[in-house]
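J.: This is the structure I have questions about; it appears just below.
Numbering (mature numbering (1 follows the signal peptide of the UniProt record, and there is no 0)), first residue to last: -20 to -1, 1 to 518.
In structure tokens:
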């Protein structure tokens, strides 16, 4: 059971693939046909060129039989190209045949009947055919019976009365049988009429098999190729296989346009099928092309066939165009709304971006200020740390000096007290003279100041020298820590910038401090007033 189901699924998939493949092929053929319709003037010019060459040849030929043959070739060119001109050629050929003999007259009459049938004068065509003498050659001529067959077929199509239509159908069947009887089995006349008879009996598959076998042997330049393709389409329509019918109608239309035929049925029948499938635009283009070609070819009997469907297809196409236009207008409206919305959104976003930019700039400025404040705070912290360090060092120095001085004073007080209790005034005087002077104490203080300062700022001397001209830099003597000038600027580095304070601290006169500072400003490589600022940064 499982295998049977799988086999059915396989067949369905295979058939679907074939159908899709055929549809794809038809789509490609339709695109080719569309392009050929746009370029059909190219094919028309080729036929016109062939006709022009035949007419030039006719002008140079004086023999009536040769002229009759050339007129025959021209008639073949015109019968599916310009029916009115084919009628004129047939009349010229019949007039020329009067002096050439009975067989020539018969050929002329048949051409005239052919042209009259194509211009829609079916009764006149039958009358002309009745004038043809039934010679042995005529009885074997398939063209003669073909003309009766096609003329009665035209009468059948035009007739509305049922009894007459039945009469015409009997005539059609009879002439089909005659054509089958007298035609060579390998010819298109035999095959097409045989298949036509089978189709009238409803034997579609047999007719398709025979006609397909013949079609496979047809070449591209076979004059009967389009007729065989059209008949295959009719057979498939009779079998209700619309897809294959459309396929052969497409091929027949391509063949007709390639041969620049203006009198045909394939393209208009294809337009009807496409209309029924819903391909309105292509159906309208095809039936319009058919109408243009039929008008060019002056085949009035074909105009009637087109006129039956043209208004319906045109109305459907107008509705399609209107629907497309309404759809385009709707999309344009939607697009316009979207564009307007986008424009509004653009300006709103642009405004917001401007606000954001201003906020960002403000934040950047605030950030810059915060950064500057942070740097200032950092610098201040460093300065505070430095100041605290200096204070710690110098407070320690101060306590040490005070402690030493107190200890010294206490020692001297005890010595004096001892001398007062045991000695004389001479001993007191001698002791006072032996004590160290204030100058020595001050030198000791200055030495400690220098030591502590350089411990805090070990690179001060080198850094200060970089602010002076190269030949004016201070060179310390052996054992010397700071010079008086360096000591003044050491105090400035500690934040003591007032000259009077510096003078009191160093036991200098105010003028001496001023002179030292002026001397250093003159030696500096930077403007004098900026020297203090730079020293405070060391």
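Where is the CB? At the ideal position from N, CA and C, for every residue including glycine.
What are the boundary residues of the alpha helix (DSSP H) that residue 191 is part of?
T.: Looking at the DSSP string, the run of the alpha helix (DSSP H) that includes residue 191 is 184 to 195.
J.: Applying the criterion that 16 or more other CB atoms from any shown protein chain within 10 Å of the CB defines a buried residue, is residue 343 buried or exposed?
T.: Result: exposed.
J.: Kindly indicate which three-state DSSP category residue 424 falls into: helix, strand or coil?
T.: Note: residue 424 maps to helix in three-state DSSP.
J.: So what does DSSP say about residue 254, is it helix, strand or coil?
T.: Correct three-state label for residue 254: helix.
J.: Measure the C-alpha to C-alpha separation of residue 187 and residue 217 and round it to an integer number of angstroms.
T.: Each residue's Cα considered, the two are about 13 Å apart.
J.: Report the three-state DSSP secondary structure of residue 240 (helix, strand or coil).
T.: Here residue 240 sits in coil by DSSP.
J.: Taking residue 52 as part of the alpha helix (DSSP H), name the residues at either end of that continuous run.
T.: Its alpha helix (DSSP H) spans residues 44 to 59.
J.: What residue from 203, 73 and 208 has the CA that sits closest to residue 189's CA?
T.: Of 203, 73 and 208, the residue nearest in Cα terms is 208.
J.: Does the Cβ of residue 123 have 16 or more other Cβ atoms within 10 Å, making it buried, or fewer, making it exposed?
T.: By the neighbour-count rule (16 or more Cβ atoms within 10 Å), residue 123 is not buried but exposed.
J.: Expressed to the nearest angstrom, what Euclidean distance is found between the alpha-carbon atoms of residue 78 and residue 231?
T.: Rounded to whole angstroms, residue 78 to residue 231 spans 42 Å at the Cα level.
J.: If you follow the alpha helix (DSSP H) that residue 159 is in, where does it begin and where does it stop?
T.: Its alpha helix (DSSP H) spans residues 142 to 162.
J.: Can you tell me which of the three DSSP states residue 279 falls into?
T.: Three-state result, residue 279: coil.
J.: Tell me, please, which residues DSSP counts as bridged to residue 504.
T.: According to DSSP, which records beta bridges pairwise, residue 504 is partnered with 448.
J.: Given this structure, state the Cα-to-Cα distance separating residue 31 from residue 6, to the nearest angstrom.
T.: If you take the alpha carbons of residue 31 and residue 6, they lie about 33 Å apart.
J.: Would DSSP call residue 103 helix, strand or coil?
T.: Of the three classes helix, strand and coil, the one that applies to residue 103 here is helix, per DSSP.
J.: Measuring alpha carbon to alpha carbon, tell me which of 502, 398, 69 and 57 ends up nearest residue 203.
T.: For the residues 502, 398, 69 and 57, the minimum Cα distance to residue 203 belongs to 57.
J.: Under DSSP, the alpha helix (DSSP H) around residue 30 begins and ends at which residues?
T.: Its alpha helix (DSSP H) spans residues 20 to 40.
J.: Would you call the segment 300 to 319 in contact with the segment 116 to 132, where contact means no fewer than 3 C-beta pairs closer than 8 Å?
T.: Judged by Cβ distances under 8 Å, the segment 300 to 319 makes no contact with the segment 116 to 132, as fewer than three pairs qualify.
J.: Do the segment 131 to 140 and the segment 89 to 105 touch if we need at least three Cβ pairs shorter than 8 Å?
T.: Touching, per the Cβ criterion.
J.: Does residue 181 come out as helix, strand or coil in the three-state DSSP assignment?
T.: Of the three classes helix, strand and coil, the one that applies to residue 181 here is coil, per DSSP.
J.: Taking the alpha-carbon positions, what's the residue 436 to residue 502 distance?
T.: Using only the alpha carbons, I get a separation of about 27 Å.
J.: Rounded to a whole number of angstroms, what is the C-alpha to C-alpha distance between residue 481 and residue 419?
T.: Approximately 19 Å, taken between the alpha carbons.
J.: Could you check the C-alpha separation between residue 426 and residue 486 for me, to the nearest Å?
T.: Roughly 8 Å between the two C-alpha positions.
J.: For the pair the segment 42 to 50 and the segment 222 to 231, tell me if three or more CB-CB distances fall below 8 Å.
T.: With the cut-off at 8 Å, the segment 42 to 50 and the segment 222 to 231 do not touch.
J.: Quick check on residue 359: does DSSP put it in helix, strand or coil?
T.: Residue 359 falls in the helix class under three-state DSSP.
J.: Find the nearest neighbour of residue 215 within the set 184, 236, 244 and 35, judged by alpha-carbon distance.
T.: Selected option, being the one with the closest Cα: 184.
J.: Hey, how far is the Cα of residue 60 from the Cα of residue 312?
T.: Near 47 Å, if we compare the C-alpha coordinates of residue 312 and residue 60.
J.: Looking at the unbroken alpha helix (DSSP H) that takes in residue 124, where does it start and where does it end?
T.: It spans 122 to 138 - the alpha helix (DSSP H) in which residue 124 sits, taken as one unbroken run.
J.: Work out the CA separation of residue 179 and residue 153 for me, nearest whole Å.
T.: Whole-angstrom Cα-Cα distance: 11 Å.
J.: Is residue 524 near residue 177, with beta carbons less than 8 Å apart?
T.: For the chain, the structure presents residues -20 to 518; residue 524 sits outside this window and is missing.
J.: Check residue 115 in the structure and name its three-state DSSP category.
T.: Correct three-state label for residue 115: coil.
J.: CB-CB under 8 Å to residue 489, same chain, minus the five flanking residues each way: which ones, in chain order?
T.: Cβ within range, chain order: 483.
J.: Could you work out which residue in 423, 11 and 465 is closest to residue 440 when comparing CA atoms only?
T.: Measuring from the Cα of residue 440, the nearest candidate turns out to be 465.
J.: Note the first and the last residue of the continuous alpha helix (DSSP H) segment covering residue 90.
T.: Unbroken alpha helix (DSSP H) run through residue 90: 82 to 98.
J.: Would residue 448 and residue 504 be called neighbours here (beta carbons separated by less than 8 Å)?
T.: Result yes, Cβ atoms of residue 448 and residue 504 sit closer than 8 Å.
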